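A.B. asks: Here's a structure for you.
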Amino acid sequence: MFKKIVFKEDASNEPEKGRLSTPMALLCGSLVLALCTLLVAALISTQRHNEGLQQAVSSMLNKSGVENPVTAVLLNFRSYDTLLEIAVLLIVAIVMLPQATVSESHSLIRVQQSANAGIIMSSLLRFLTPTLIIMGGYMLWTGAYSPGGAFQAGALIAGAGILIFTNVQYQVNMHSFAFRVLLSIGLCIFILSGFAVALQTGQFLEYPVKYASSIILFIETAATVSIATTLLLLYLAVAGTQEDFNHDT
Amino acid sequence: MDDITALLPAFILLPLAVSVCCLLVNNIRVCVAISIISAAALLILSASTLLAINTYEAGILRYAFAGWGQPLGIELEVSGFTALMTALTCLLVFVLSVYSSVYFSSSDKALRFWPLWWLLIAGLNALFLSSDIFNIYVAFELIGLAAVALIAIENSRPALIAALRYLLVSLLGSLCYLLAVALLYREYGTLDLAQLANITSDSASSTAALMLITVGLCLKTALFPLHFWLPAAHGGASAPVSAVLSALVVKGSFYLIARFWLDTLAPAASDAGLIILGVFGAGAILWGSVHALFASRLKVMVAYSTVAQIGYLFLLFPLMVGNSQTNAFEGAAMGAITYLIVAHATAKSAMFLAAGNIMRIAGHDNIKQLKGLVRHCPLSIFTFGIAGASLIGLPPSAGFIAKWLLLSNSITTGQWWWVIVILSGGLLAAAYVFKFLNLAFTKDDDTFNKANIVSKISPIMPLCALALALLTVVLGFNAQWLLDVSGTLVYETTGQGFTGQNLAGVAQ
Amino acid sequence: MILSQLTPEIMYSASGIALFGIGLLGLIIVPHIFRKILAINVMGVGVFMLLVSSAKRANLDADPVPHAMVLTGIVVAVAGTALALFLVKKIQDSESLEKSQ
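Protein chains in written order, with numbering that gives the first Met the number 0: chain W, 0 to 248; chain U, 0 to 507; chain L, 0 to 100.
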């Protein structure tokens, strides 16, 4: 199945390479079709559970510190899942950090005044960047009441970051200590807050009901920073526009 | 007791915290110091959990994250078996961390290695301790991505391709598992493993979920014929990474297959399915061993031997046919498999470390060009010999006890045909281990000489490998103790299975 | 008889499973790596759709737990996809490096 993988950008020159023969493809197709039919039949023949965890969540919602049940599940009832999820993002971030070829002492962001960014790009930046960041902040805040939250906010802010750093005028130094702090602050704050509340309540990540909403907002803010930085790093590493800065200086 | 329960989250949080510290300090010496201290702390913690678990009445400890408890929140659950798996993880992590502290020569590799290494360990502990099927999915992704990342730090083209293939397989496996989670949640409205075990039925949806879990996790465990990704991935990684992949990562998904088949989804499991899993296991033993015999690279040989050893684990399933025990992690067959997991983990990691040492010294691991190597790295060859003896199943190693348990289990349950498979697997293992040892001791014109040595290695490296190999021997002498602490051996089943005495007799 | 079974919930769930199947088939038969990565994402979307469609419970508000699971799943899928793309890029770089030498 994965024996023949084509890596070339343009595979149209050699269309036959690695492709399954038609009978094999038909066989696979019918097998997959049979699998799907069986799964759908299994779904139809099985009654779904009456309430799931809906009742459990809504009866505890007033103790969770937020009004949006999805945020309550993500950041309170099942916060441990979210903690591990942020750790998953950190893995990818570590892999994509460029090799350390320049000294660490550079500042986080470097501005090249001489570079000509073009009038369209720079005026677009002037409008879009603040808008995106404010919208990200709003998303983060509104997650407590309605759909929104750290990941949505992080994605918007990462979008602003991509706009800024694909511009030649600004460059981010991925070797700096500050950049690594931004990447890991979400996990750091999550663990530290979980530990801090455990001193008060006895269980890891069990927030005192009175302060639950502020603690959730605090954790989410830190998570937003890390998610935004990680997504920015993913884009820059895969799209590869920061090579010059990271290797030449 | 409560003290230990309160410390359970540390198994996951300490590795995560160490990972962040290693990333932030960005200094190899500090990383190594933090890592070894934390590994020692985890080892002590896991040992005390293991010793405490059996004095606890129910034999199970549960810790509710955020204080909600199941089904709303997520709980950690420790039984004798999972405590043993965690202890095994922490023990290997300690030895492998010491080994890695001298193994990585390039600073870039080392700086990447330590944070990823600790994230992988966090994932492994999270997987073994979790009692929540969705949380297990996240733990799988943590393990899968960290393992891929650790293979990719090798940065050579073959290693990158192996890593990518492993990633695709791992994501496919996780998605099959997640689809099963969706089916189970839709039908039962809970995600907790223990709760599910009480309410599952043999409905069509549960059967479909069990099938999806089996296929998804067999991909991750590399059960024949889904093992195609393993030799390149395990053979292409750096030595400590290969060791942890073969010793622990594949065991994590195996543990869950066993848990779902024998416990959580037992009502949906059929005898035919159990036997089919056993047949694939038998296929893995023969296929993996034959390929190991004809492998041209040492690490690929060891990796194929992992394919074969995974096959032995799957012989558990046919031996559980007709087993009506309520707790699936009890019984003579489970005792044998527990023993096999521990025996294989120690022997295989010792072997990978020895192979890593040889590769460091010789600069390659092409078996044919390693003639007469014993004069240049006697300790590594010695280690390879002891670990090999355990894989073959020669006394007094742990592998011998494990195979003995498995063999007599096959006979007492009247399934003598597995005996043929187990014995021929042992013979094939002897063939590939001795093939290499024979070459290493050969002396003729084109023997490996001093001029071929690429680099010298720190004496810590062979000593770590030797420590793991000796551990398999020590475990061979303490069979009863190991089975006691894991709580898998049931004494009531006298007449069939094992009694304490005849096992003690075997160990001597 | 069968038509009466086709509640909206079943139809959405069946579409989710169909997406899973399409992705699986693509993963198996299409050789190009980018399409394989896309196929895995299609499979993921199928699973998420099944999860979300099963969140509807009789006479109650939607169950938030599957929604939370999907959100977590999306982040994990982003991480996996990014890692795969990055590995492909490194493999392509090493290929062009070999050619230029």
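Cβ atoms here follow ideal geometry from the backbone N, Cα and C, with glycine treated the same way.
In this text, all values refer to a predicted model and were calculated from it rather than measured experimentally.
(1) Can the beta-carbon of Val46(L) be found less than 8 Å from the beta-carbon of Ala203(U)?
(2) Going by DSSP, which residues form a beta bridge with Ile108(W)?
(3) For the region 175–206 of chain U, which residues have a CB atom closer than 9 Å to at least one CB atom of chain W, in sequence order?
(4) Would Gly15(L) pass as a contact of Leu49(L) if the rule is Cβ separation under 8 Å?
(5) Alpha carbon to alpha carbon, how far is Met51(L) from Leu38(W)?
(6) Quick one, which of Gly384(U), Thr337(U), Trp116(U) has its alpha-carbon nearest Ala353(U)'s?
(7) So, for Leu6(U): in the same chain, excluding its five sequence neighbours on each side, which residues have a beta-carbon less than 7 Å away from its beta-carbon?
(8) Have a look at Ser99(L) and Ile90(L) and give me their C-alpha separation to the nearest angstrom.
(9) Tell whether a beta-carbon distance below 8 Å holds between Phe435(U) and Val373(U).
(10) Taking one C-beta from the region 4–22 of chain U and one from the region 34–50 of chain U each time, how about it: are there three or more such pairs within less than 8 Å?
(11) Give the interface partners of Val87(L) over in chain U, defined as CB-CB distance under 7 Å, in chain order.
(12) Would a check of beta-carbon distances place Leu200(W) closer than 8 Å to chain U?
(13) Do Gly188(U) and Gly117(W) have their CB atoms nearer than 8 Å?
(14) Since Val180(W) meets chain U, which of its residues come closer than 8 Å, beta carbon to beta carbon?
(15) What does DSSP give as the partner residue(s) for Ser129(U) in the beta ladder?
(16) Please list the terminal residues of the continuous alpha helix (DSSP H) segment that includes Arg61(U).
(17) Say whether chain L places a C-beta atom closer than 8 Å to the C-beta of Cys187(W).
(18) Residues in the region 42–70 of chain W with C-beta within 8 Å of chain U's C-beta atoms, listed in sequence order?
(19) Which residues in the same chain have their Cβ closer than 6 Å to the Cβ of Cys30(U), if we skip the five residues on either side of it in sequence?
(20) Restricting to Cα atoms, I'd like to know which of Lys88(L), Glu97(L), Leu82(L) is closest to Leu166(U).
(21) Could you name the residues of the same chain whose beta carbon sits closer than 6 Å to that of Tyr234(W), not counting the 5 residues immediately before and after it, in chain order?
(22) At a cut-off of 7 Å, would you count Lys209(W) as near the ligand ZN, judging by its Cβ distance to the nearest heavy atom?
(23) Look at the alpha carbon of Met460(U) and the alpha carbon of Ala291(U), and state the distance between them as a whole number of angstroms.
(24) Kindly list, in the order they appear in chain L, the residues whose Cβ is closer than 8 Å to that of Val137(U).
(25) Distance check for Cys89(U) and Thr325(U), CA to CA, integer angstroms please.
(26) Go to His233(U), then tell me how far its alpha helix (DSSP H) extends in each direction, as first and last residue.
(27) Could you check the C-alpha separation between Leu209(U) and Ala268(U) for me, to the nearest Å?
(28) Using DSSP bridges, identify the partner residues of Asp191(U).
(29) Is it true that the CB of Asn75(W) sits closer than 8 Å to the CB of Ile215(W)?
(30) Return the CA-CA distance between Gly153(W) and Thr4(U), expressed in angstroms with no decimal places.
(31) From Val72(W) to Asp62(L), what does the alpha carbon distance come to, in whole angstroms?
(32) Give the residues from the region 9–31 of chain L that approach chain W closer than 9 Å (Cβ to any Cβ), ordered along the chain.
(33) Is the shortest distance between the beta-carbon of Pro7(L) and the beta-carbons of chain W less than 8 Å?
(34) How about Val137(U) and Thr71(L): do their beta carbons lie closer than 8 Å?
(35) Select from Arg109(W), Phe126(W), Ser63(W), Glu84(W) the residue whose C-alpha is nearest the C-alpha of Thr223(W).
(36) Scan the region 124–177 of chain W and note each continuous alpha helix (DSSP H) run of 4 residues or more that stays entirely inside, going in chain order.
C.D. replies: According to the structure shown:
(1) no
(2) Val171(W)
(3) So the list reads Leu178, Leu182, Tyr184, Arg185, Glu186, Tyr187, Gly188, Thr189, Leu190, Ser202, Ala203, Ser204, Ser205, Thr206, given in the order they occur along the chain.
(4) Contact flag set, yes.
(5) It should be pointed out that residue 51(L) corresponds to Val in this sequence rather than to Met. Straight-line Cα distance between these residues: approximately 17 Å.
(6) Here the closest residue by C-alpha is Gly384(U).
(7) Leu44
(8) Going by the C-alpha atoms only, they are around 14 Å apart.
(9) No, the Cβ-Cβ distance between Phe435(U) and Val373(U) is not below 8 Å.
(10) yes
(11) What Val87(L) touches in chain U: Leu163.
(12) What sits at residue 200(W) in the sequence shown is Thr, not Leu. Yes, its Cβ sits closer than 8 Å to a Cβ of chain U.
(13) no
(14) Within chain U, the C-beta atoms nearer than 8 Å to that of Val180(W) come from Leu23, in chain order.
(15) Leu75(U)
(16) Counting along the chain, Arg61(U) falls outside any alpha helix (DSSP H), though it belongs to the beta strand (DSSP E) covering 60–63.
(17) no
(18) Leu42, Ser44, Thr45, Gln46, Arg47, His48, Asn49, Glu50, Gly51, Leu52, Ala55, Val56, Met59
(19) Cys21, Trp113
(20) Leu82(L)
(21) Same-chain partners within the cutoff: Ile161.
(22) Ligands are entirely absent from the displayed structure, and the ligand ZN is therefore not among its contents.
(23) A direct Cα-to-Cα measurement between Met460(U) and Ala291(U) gives close to 25 Å.
(24) Thr71, Val75
(25) With a pLDDT of 49 at Thr325(U), under the threshold of 50, the predicted position of this residue should be treated as unreliable, though the coordinate-derived value follows. Each residue's Cα considered, the two are about 29 Å apart.
(26) 229–235
(27) Each residue's Cα considered, the two are about 8 Å apart.
(28) Asp131(U)
(29) yes
(30) 35 Å
(31) Looking at the two C-alpha atoms, the distance is approximately 10 Å.
(32) Residues passing the 9 Å Cβ filter: Ile9, Ser12, Ala13, Ile16, Ala17, Phe19, Gly20, Ile21, Leu23, Leu24, Leu26, Ile27, Ile28, Val29, Pro30, His31.
(33) no
(34) yes
(35) Nearest of Arg109(W), Phe126(W), Ser63(W), Glu84(W) to Thr223(W), Cα basis: Glu84(W).
(36) 149–164
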